[in-house]
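Asker:
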Amino acid sequence: MQTYLEHANITVPDVDAAIAFLRTLDPTLGVRNDGTGENGRRWVHVGNDRAYIALQAAHPAPAPKDPHETYVNHGINHLGWVVADHDAVVKRLDEAGYRRGMEAEPHPHRKRAYYYDSAGLEWEILEYLSSDPAEFNDYKQ
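Residue 30 in this note's numbering sits at position 30 of the sequence shown, with consecutive numbering throughout.
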């Protein structure tokens with residue numbers, strides 16, 4: 001079996017808002033489990049049979065001690081989702097009112113867009129326009 005990423009675990013301030021973002025990105029994603037952890041906080045797995053995002057409710061403190069600033073502080077900058085129809089996903093996210101992130105440089109073999117969810121986490125949406133990895137992984141374009 002080839003190694004692949006099965007899941008990412010993210011602490012979020014509002015689990016339901018995070019689920020709404022992910023289900024806007026891909027309406028076929030399901031809630032695999034919705035429970036309460038040993039710490040008493042809610043956790044949810046959103047995904048499909050092979051991969052998921054684990055969402056952990058944040059501690060109910062008034063504000064994080066060390067807020068994450070994307071591309072400045074340590075932590076996750078964004079997670080990338082490969083989709084079959086980039087334009088349709090972008091349209092759904094725009095219509096739902098999600099804020100766009102940085103502009104991606106045009107590339108002949110891939111489309112990219114960046115969005116922030118309601119918690120300020122950034123997500124990259126990608127569509128590969130070629131089946132040749134040498135083309136869609138070309139960083140000189």
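We treat Cβ as the ideally placed atom computed from N, Cα and C, and that holds for glycine.
#1: Where DSSP assigns a beta bridge to His78, which residues make up the other side?
#2: May I ask you to list the residues that DSSP assigns as paired with Gly11?
#3: The alpha helix (DSSP H) that contains Lys91, what's its start and end?
#4: May I have the straight-line CA-CA distance separating Glu6 from Glu38, to the nearest angstrom?
#5: Thinking Ala58 and Thr11 are a contact (beta carbons under 8 Å), I'd like their distance in whole angstroms, please.
#6: With distances taken from CA atoms, which of Asp34, Asn137, Arg99 and Asp138 is nearest Tyr115?
#7: What is the C-beta distance between Ser131 and Ala17, in whole angstroms, given that I count them as a contact (C-beta under 8 Å)?
#8: Have a look at Tyr139, Trp123 and Asn77 and flag the residue whose alpha-carbon is nearest the alpha-carbon of Glu105.
Answerer: Per the coordinate set shown:
#1: Glu122
#2: Note that residue 11 is Thr in the sequence shown, not Gly. Paired residue(s): Gln56.
#3: His86 to Glu95
#4: 22 Å
#5: 5 Å
#6: Arg99
#7: The pair is not a contact, with the Cβ atoms about 35 Å apart (cut-off 8 Å).
#8: Tyr139
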